[in-house]
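Chains as they are written, first to last, in this note's numbering: chain A, 12 to 346; chain B, 16 to 550. For each residue, glycine too, the CB sits at the ideal point set by N, CA and C. Structure, as C-alpha cells:
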Amino acid sequence: MAQYIARRLLQTIPLLLGVTIVVFLGMHVIPGDAASAMAGQGVTAAEIQHARHELHLDQPLPVQYWYFLTGAVHFDFGSSLRTHDSVMTDIGQALPTTIQLTIAALILAIIIGMGVGVLAATQRGKITDTLAMSIVLVGVSMPVFWTGVLLLIYFGATLGWFPIGGSLDNSINLHTITGMTVVDSILTGNLPALKSALSHLVLPAFTLSLFPAAGIARMTRTTMVEALRQDYIRTARAKGLGRLSVVWKHALRNALIPVVTVIGLQLGLLLSGAVLTESVFALPGIGQLIVTSIQARDYPVVQGIVLIAASLFVLVNLLVDITYAYLNPRIQYNS
Amino acid sequence: MLRRATLTLFLIASLAVGTQWLPSTVAHATRPAAASTLTVDMAADPVGLDPEAVEDNSSGFVMSTVYDELVEYKPGTTNVGPGLATSWKITNGGKTYTFNLRHGVTFQDGTPYNAAAQVLVFKRQLDPKYPNYVMNEPNVQSYIPFTFGQPSFVKSYKATGKYTFQVQLKQPFAPFLASLAMVWEAVVSPTAVTKYGWKGILNHPVGTGPYQFVSWQKNNKVVLKAFPHYWGPKPRVQNLIFQVVPEGSTRVLQVEQGQAQIDADVTTQDYQSALHNSKVKIYTQPGETINGVGMTVNVKPFNNKLVRQALNYAVNRSALATGLFKGLAQPMNSFLPPPIWSWSKSIKGYPYNVAKAKKLLKEAGYPHGFSTTLLAYTNPRGYDPNPEGLALAVQQELKAIGVKVTIKNIDFTSYLNTIRSPKNKGMYLDGWSGDNGDPDDFLYEMFASAMIPVGNTNHLRDAKLDSLLNQARHAQKQSTRVRLYHRAQVVLNDDAPWIMGDYVKQVRLASPSVRGFRLNPAQMFFNMQNVSLGS
Chain A
12 MAQYIARRLL QTIPLLLGVT IVVFLGMHVI PGDAASAMAG QGVTAAEIQH
62 ARHELHLDQP LPVQYWYFLT GAVHFDFGSS LRTHDSVMTD IGQALPTTIQ
112 LTIAALILAI IIGMGVGVLA ATQRGKITDT LAMSIVLVGV SMPVFWTGVL
162 LLIYFGATLG WFPIGGSLDN SINLHTITGM TVVDSILTGN LPALKSALSH
212 LVLPAFTLSL FPAAGIARMT RTTMVEALRQ DYIRTARAKG LGRLSVVWKH
262 ALRNALIPVV TVIGLQLGLL LSGAVLTESV FALPGIGQLI VTSIQARDYP
312 VVQGIVLIAA SLFVLVNLLV DITYAYLNPR IQYNS
Chain B
16 MLRRATLTLF LIASLAVGTQ WLPSTVAHAT RPAAASTLTV DMAADPVGLD
66 PEAVEDNSSG FVMSTVYDEL VEYKPGTTNV GPGLATSWKI TNGGKTYTFN
116 LRHGVTFQDG TPYNAAAQVL VFKRQLDPKY PNYVMNEPNV QSYIPFTFGQ
166 PSFVKSYKAT GKYTFQVQLK QPFAPFLASL AMVWEAVVSP TAVTKYGWKG
216 ILNHPVGTGP YQFVSWQKNN KVVLKAFPHY WGPKPRVQNL IFQVVPEGST
266 RVLQVEQGQA QIDADVTTQD YQSALHNSKV KIYTQPGETI NGVGMTVNVK
316 PFNNKLVRQA LNYAVNRSAL ATGLFKGLAQ PMNSFLPPPI WSWSKSIKGY
366 PYNVAKAKKL LKEAGYPHGF STTLLAYTNP RGYDPNPEGL ALAVQQELKA
416 IGVKVTIKNI DFTSYLNTIR SPKNKGMYLD GWSGDNGDPD DFLYEMFASA
466 MIPVGNTNHL RDAKLDSLLN QARHAQKQST RVRLYHRAQV VLNDDAPWIM
516 GDYVKQVRLA SPSVRGFRLN PAQMFFNMQN VSLGS
C-alpha cells in the first residue's frame, strides 16, 4: 500500500507540470497582457511598453515559463502583477474561505445526496422514489447564481433568517489562525463569532451542494438498488437482521465504492461552482480572486491558483483510491 | 415503520439544528446597523491605496476618504476650490503657481503638513533620483504623466516659506490645477512613504483626510475610522467600511436589509427595481461621461466623412436614452458632457433623420450600404452600463439604412488591447469618463493626433482641431478657453469620429437613513465627513 501511494505521488509531478503548461499557454493565447490591461486613461504606448519590459512580458514564452517554473518549485509564484503582493500571500488569504465553503458543501452534498439516494432506492418504484428523483433533477438543472440569489431573497430578505452574503458580521472581532471563520471561532472559543460564521455559511454551502448532491443521489440510488438485490441481503433479512442494519450496514457499504468515486470527482465541480457562489454571496475566496486575476491578465496569480487547485484535486482522488481499500478489503494495491 | 421513524428523526434533527440559530439570526437581520458604522458596498476590491500608483475606481472610492488634495472640487461640481491650499496665485503668464497652505494640518501618523512635506509629495512623483520615486517599480498605473506631462512640463517646485509652495512650469498648462484636485493626486504622508516604502503605502495609506486606515482584508473589506485630528468638520460617522460584494442584486439586498448603507456600483437592472422600492433611496447626477461607437478614420468606408455623418443621423439617441438606459441618460450633442464647463446645449448634434442618413450614404458612394464588424465588450462600464445592448441597438438602427453590422463580443481587457493597438481598424464601442473636469481631458486625450493610437483610437488627424486644442491647453484666460473649446466641439462634430451615443447619469443607492450624502461628477467619495446616519 505504501509503495502504491509513493508511486501515485510521483506520478503527480508530470501531471502537474502538464497542468502548468496548459494554463501558461492558455493565458498567453488570450489577447492582451497585464501591461495592456492598464485601463487607466492618459496612458501612452510608451508606458505600456515600459511596463511590459519590466514584467518580462516581452520575453519569449519559454523564457517567461522558465521564470515561472523555477519559482514554483520553491513555492514562489512571484508577485501579483495587479496588486504587487506576493502571490502566495494573496492565495493564502483567499484559499481557507474556499476550502471551508467546499468542505461544508461537500458534507451537505453527501448527507443530502446519500440520504435521498438511499430513500429512493428503498422506496424504488413508489411515489417517494419519483418525488426524490424529481427533486434531484431540479437540483442538477438550476444554476448556482440563480439558486443563490433566490435563497438570499427568500431566506435572507423576506424571512430574515440568514444574513445577505459576507462571511462574518462586521461587528465581530475574530482572531485569524487558519483563515476559516468556523474553525477559528472554535479554536478561539468565540461563541458569537461561531454563530455568525455558521449563519453566513448555511446558504452558500447549501447552494453549492445541490449539484453534487444530485450526482451523489443518482449514483447512490443505482448502486443501492443493485446491492439490495444481492443474495447476501436476502440472507441477512432471513437471519432476522433489523432493517436499519440491512440497509446501512450491509447494503450501503458495498454500494459505496462507485459513490465514493463520484464524491471525489465532485470536488472539481465544487471548486468551479465556488467561483459563482463566492460571487453571489460575497465570500473572499479563490473563486473571486481567479476571476479578477484573469480579467487583469494577472498570470502569476492565475497560474498559482490553478496549480494549487490541480494539486488538491489530485490529492483528493488519491484519498478516494485509498478509501476503496478500506471499503472493500478484496481490493489490493500491491503490484 | 422503521423507515418512517428514521426519516422523521432525520427531519426533526435538521429542524433542531436549524432553529437553534434562528433567534440570533433574526435578531441580527432586523437589528439596525449601529449608528456609528456606515458600510459602502462596491463591486470589486481596490487594487491598492496609494493614489500615485493605482487608477481603478474601487481604490479611488476608499482613498477619497483617507486623503486630501492640494486643491479640491467644490462639492457636487468639477470647479476647483481650496483644499490643503487655502488660496493660490497664478502669475508669470500662467507659468508660476504659488499656493498658500493650510495651517494646523497633520497627517494621520502625526507628521505635520507644510510646504516641506508638499515638496516631498511632488518629489515622489517627479524626481527619478529620489529613493521613493513611485515610478521605480514596474506596472505602476499612474496619472503622473497625465497631470505633469510626458516629459514633465514642471520646471521646478519648492517651499518658499513654511506654508508657501511654488511650482514653475516650462509653459502654461491650463488643466494643471484641475488635475491636482483628482484623488489620483492626493497628498500622502512622506514619513509613511519612507517608513513603508511605496509598496507599503498600497496597503497602509496615510493621509490628512477625515478617515484613517484600520485594516484591509483582501477581496473582503477595508475598515476605516474617523480621524480625531482631522482639520475639517469632525466626521459624523465613527466607522466607515468599504465592502466587496461582486453581485449587483446582493448589494441592493444588503442596503435594503441594513447590512450596508450605500451601494456604490448600481447596474441598470438594479436601478429599475429600485424605482419601486421604498427601502432604498436613489441618488443620480449627470456624469462626466460619453459613450458611442468609434470608427477608425484610416480605413474604408470610415475614411469618408459623409459615411460617418450618415451613420450619426441613423441612430435615435433619445430612444437609446429611454429604452436602453432606462431614462438614466440623455442624447449626446457634443464630445463634452454637460457637467464640463464649455459644454453648450446650443452645439448642434445629429438629430435622428433616416432619410438624410440614406442621402449622405448615397452621396458618399454607398447607395446600398455596406457590411462591417463592430467590436463590443461584455463588462459594464460607468459610461456604458449596457455595452451589449448598445451594440445591438446600433446594429438594428444601421440595418435600416442598409449597413449590415456583425457584432464581435470580447472581454474588456482584450477589447482594450485591440483598440489601443496601431492596427486597430473598423467600428468599436467607445466611451470615456472624465477625471479632472477639464475639457482637455476629453478632447485632447481622445482626438488630438499626438495621442494616436492609445488615447486617440480613431487615428483622427485634423490639423485645425489640433491647433485649437493646443491653443486651449496653453491659454490663460478661461473665456479664451471657452471660446476655443466651443469651436473645437463644432469641428469635432463635423469630423464625426464616433456615432455619438448618450450621456449616462451616475447612480448610487442608499438607505433612507443616510443624510448629507452627495454625489460628485468625479464619482469619488469626497466629503464623507458630512454624512450621518439618522433613524
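**Item:** Own chain partners of Asp44(A) with C-beta closer than 6 Å, once the 5 adjacent residues on each side are dropped
**Value:** Leu68, Arg308
**Prompt:** Can you list, in chain order, the residues of its chain whose CB lies under 8 Å from that of Pro512(B), leaving out five sequence neighbours each side?
**Reply:** Gly309, Met310, Val312, Arg323, Phe462, Asn473, Leu475
**Request:** At 7 Å on the CB atoms, spell out the chain A contacts of Val551(B), in chain order.
**Result:** Any question about residue 551(B) goes unanswered here, given that chain B covers just 16 to 550.
**Asked** Which ranges would you report for the beta strand (DSSP E) in the stretch 269–302 of chain B if only whole runs of at least 3 residues count?
**Response** Runs of the beta strand (DSSP E) inside the stretch 269–302 of chain B: 296–301.
**Message:** Among Ser178(A), Gly171(A), Gly176(A), Ala204(A), whose alpha-carbon lies nearest the alpha-carbon of Asn184(A)?
**Reply:** It is Ala204(A).
**Prompt:** Of all the residues that make up the stretch 287–303 of chain A, which are near chain B by a beta-carbon distance shorter than 9 Å?
**Reply:** Glu289, Ser290, Val291, Phe292, Ala293, Leu294, Pro295, Gly296, Gln299, Leu300, Val302, Thr303
**Request:** Kindly indicate which residue of Ile416(B), Gln521(B), Leu499(B) has the alpha-carbon position closest to the one of Gln281(B).
**Result:** Position check: residue 281(B) holds Val in this sequence, whereas Gln was assumed. If we check each option's Cα against that of Val281(B), Gln521(B) comes out closest.
**Request:** Give every residue of the same chain whose Cβ lies closer than 7 Å to the Cβ of Ala368(B), excluding the five residues on either side of it in the sequence, and list them in chain order.
**Result:** Note that residue 368(B) corresponds to Asn in the displayed sequence, not to Ala. If we look at Asn368(B) and ignore the five residues flanking it on each side, its Cβ neighbours are Tyr328.
**Request:** Please state whether DSSP places Glu87(B) in a helix, a strand or coil.
**Result:** strand
**Prompt:** Using a Cβ-Cβ distance under 8 Å, would Lys104(B) count as near chain A?
**Reply:** For Lys104(B), the closest Cβ of chain A is not nearer than 8 Å.
**Message:** Starting from Ser220(A), trace the alpha helix (DSSP H) in both directions and tell me its first and last residue.
**Reply:** 202–239
**Item:** Through-space distance from Ala238(A) to Leu330(A), alpha-carbon basis
**Value:** 24 Å
**Prompt:** Given that Ile256(B) touches chain A, what residues does it touch there, using C-beta distances under 7 Å?
**Reply:** Asn181
**Gln111(A) - containing beta strand (DSSP E), residue span** = Segment 98–133 is the alpha helix (DSSP H) holding Gln111(A); no beta strand (DSSP E) there.
**Request:** Would you kindly work out how many angstroms separate the C-alpha atoms of Ser386(B) and Val420(B), rounded to a whole number?
**Result:** In a straight line, the C-alpha of Ser386(B) is about 6 Å away from that of Val420(B).
**Request:** Have a look at the DSSP bridge pairing and note the partners of Asp15(B).
**Result:** Since the first and last residues shown for chain B are 16 and 550, residue 15(B) lies out of range.
**Contact between the stretch 335–345 of chain B and the stretch 404–418 of chain B (3+ Cβ pairs under 8 Å)** = yes
**Prompt:** Can you pull the DSSP bridge partners for Ile301(A)?
**Reply:** Note: Ile301(A) is not bridge-paired with any residue in the DSSP secondary-structure output.
**Prompt:** Any idea which residues DSSP pairs Ile422(B) with across the strands?
**Reply:** Leu389(B)
**Prompt:** Is any beta-carbon of chain B found at less than 8 Å from that of Leu185(A)?
**Reply:** no
**Prompt:** Shorter than 8 Å from the beta carbon of Val160(A) to some beta carbon of chain B?
**Reply:** yes
**Message:** Helix, strand or coil, according to DSSP, for Gln345(B) in the structure here?
**Reply:** strand
**Request:** Determine the chain A residues that contact Leu268(B) at a beta-carbon separation under 9 Å, and present them in chain order.
**Result:** Val160, Leu163, Ile164, Gly167, Ala168, Ile175, Gly176
**Endpoints, the beta strand (DSSP E) within which Asn115(B) is located** = 111–116
**Interface partners of Arg93(A) on chain B, CB under 7 Å** = Neighbours of Arg93(A) on chain B, chain order: Val62.
**Message:** Strictly below 7 Å CB to CB, what residues from chain A border Glu271(B)?
**Reply:** Ala168
**Message:** Rounded to the nearest angstrom, what separates Asn353(A) and Gln306(A) at their Cα positions?
**Reply:** Outside the shown range of chain A, which is 12 to 346, sits residue 353(A), and nothing can be said about it.
**Strand pairing of Lys360(B), partner residues [DSSP]** = In DSSP, Lys360(B) forms no bridge with anything.
**Item:** Where Ala59(B) meets chain A, residues with beta-carbon distance less than 8 Å
**Value:** For the C-beta of Ala59(B), the chain A residues within less than 8 Å are, from N- to C-terminus, Thr303.
**Request:** Can you have a look at Thr40(B) and say buried or exposed, based on whether 16 or more other CB atoms are within 10 angstroms of its CB?
**Result:** Any answer about Thr40(B) is weak, because its pLDDT of 39 lies below 50 and its placement is not dependable; what the coordinates show is given next. Buried: at least 16 other Cβ atoms inside 10 Å.
**Between the CA atoms of Thr81(A) and Ala321(A) - distance to the nearest angstrom** = 18 Å
**Asked** Along chain A, which residues have their Cβ under 7 Å away from the Cβ of Lys214(B)?
**Response** Simply His95.
**Message:** Here's the rule I'm using: 16 or more other beta-carbon atoms within 10 Å means buried, otherwise exposed. How should Gln104(A) be labelled?
**Reply:** buried
**Extent of the continuous alpha helix (DSSP H) to which Met144(A) belongs** = 138–152
**Item:** Neighbouring residues, chain B, relative to Arg308(A) (Cβ below 7 Å)
**Value:** Thr428
**Asp65(B) and Leu217(B) closer than 8 Å at C-beta** = yes
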